[in-house]
Every structure is written in C-alpha cells, then in structure tokens.
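Enquirer: Residue numbers (my numbering): 344 to 501. Note that beta-carbon positions come from the ideal geometry of N, C-alpha and C, so glycine has one too. Computed from a predicted structure; not experimentally measured.
1) Quick check on residue 326: buried or exposed, where buried means 16 or more other Cβ atoms within 10 Å of its Cβ?
2) Figure out for me which residue from 396, 464, 466, 377 has the closest Cα to the Cα of residue 345.
3) Can we say the stretch 376-392 touches the stretch 424-437, given the rule of at least three CB pairs closer than 8 Å?
4) Is DSSP giving residue 368 helix, strand or coil here?
5) Relative to the C-alpha of residue 456, which residue among 441, 409, 359, 496 is closest?
6) Please classify residue 378 as buried or exposed, where buried requires at least 16 neighbouring CB atoms within 10 angstroms.
7) Using the rule of at least 16 other Cβ atoms within 10 Å of the residue's Cβ for burial, across every protein chain shown, is residue 536 buried or exposed?
Below is the structure:
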C-alpha cells in the first residue's frame, strides 16, 4: 500500500516521539518519550509544521519543519525519523520531498543538520542533493559535530 503524507495531529505526537526515541539519533541524544512527546505537542500548539507518513493508516515516520528556521529566512528540517521496520522503503525520501515542497515558496535554499556519527543519514541527504557547507562542533551535544547540510534551489527557480 502507498505511503500517505499528512499533517500531524496532537494525538499522534507520542507515537512519533516513540519512533524518534528508537532511532540512532534518539538513542545517542538520550531522547525520552515523555520529553519529546511534550515538545512535539507544544510545537503543534504553536502552529509549527509537523507532518507524518502513514502506511496502512499506521504512522511510520514524521518530520518537524521550521519554515523559516534557518537564519530566520530559509526552511530548516528540525527532525526527521522513520520507523526502523520500514527504512529503505522510501518513507524518508517522501518526508524530505514533502519538506521541500511545503517550504519551497519561502527561501531559496533548504537547511538541516546531520550528526557526525549518523553516516547513513549523511549519505541519504547527499543522494538527495544536499551538500555539507560547514560544521558545528559541540553544537547539540559535547563531542558531537553537526554538519550543516544545504540544498540550493536551481537558479531558474529563484
């Protein structure tokens, strides 16, 4: 069955937090279900943009988007997480595509951060046209470097 992308609802925050907590980044950053679920719920209440991917009506991934979160002017993908049971089935690609489509009108470039230990994510974003444009050592956690990943819009799209 097809993957369907839609807006996250408040009652879906906990399952999304569960998916993120069980991801490589969730484990490495010690995310807890209670705290992350609360952050997602707060983000929804503040009208931030959160989307889910569903397969057979079951949430299998989500993305947290800050439309002008990069330098207060460009789209920033705060968090993306895909259930480990469906990785490799294009869920992440569909969420990333939705991020770009939903924020296309805002800025000329798309931004996100990737932790240095997350080599699979780094390869994933590079396959989708993102380039490493800088590093932020110890930004999110001591001892972890974040790569600033940018995807430029085509000149004829600006």
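Expert: Reading it off the structure:
1) What the structure shows of the chain is the stretch from 344 to 501, and residue 326 is not part of that stretch, so it cannot be assessed.
2) Taking the chain shown and counting its residues from 1, the one referred to as residue 345 is at position 2. Measuring from the Cα of residue 345, the nearest candidate turns out to be 396.
3) Short answer: they don't touch.
4) Counted from its first residue, the chain shown places residue 368 at position 25. Note: residue 368 maps to helix in three-state DSSP.
5) Mapped onto the chain shown, residue 456 falls at position 113. The shortest CA-to-CA distance from residue 456 to any of 441, 409, 359, 496 is the one to 409.
6) Within the chain shown, the letter at position 35 stands for residue 378. So residue 378 ends up on the exposed side.
7) Nothing can be reported for residue 536, as the shown portion of the chain is limited to 344 through 501.
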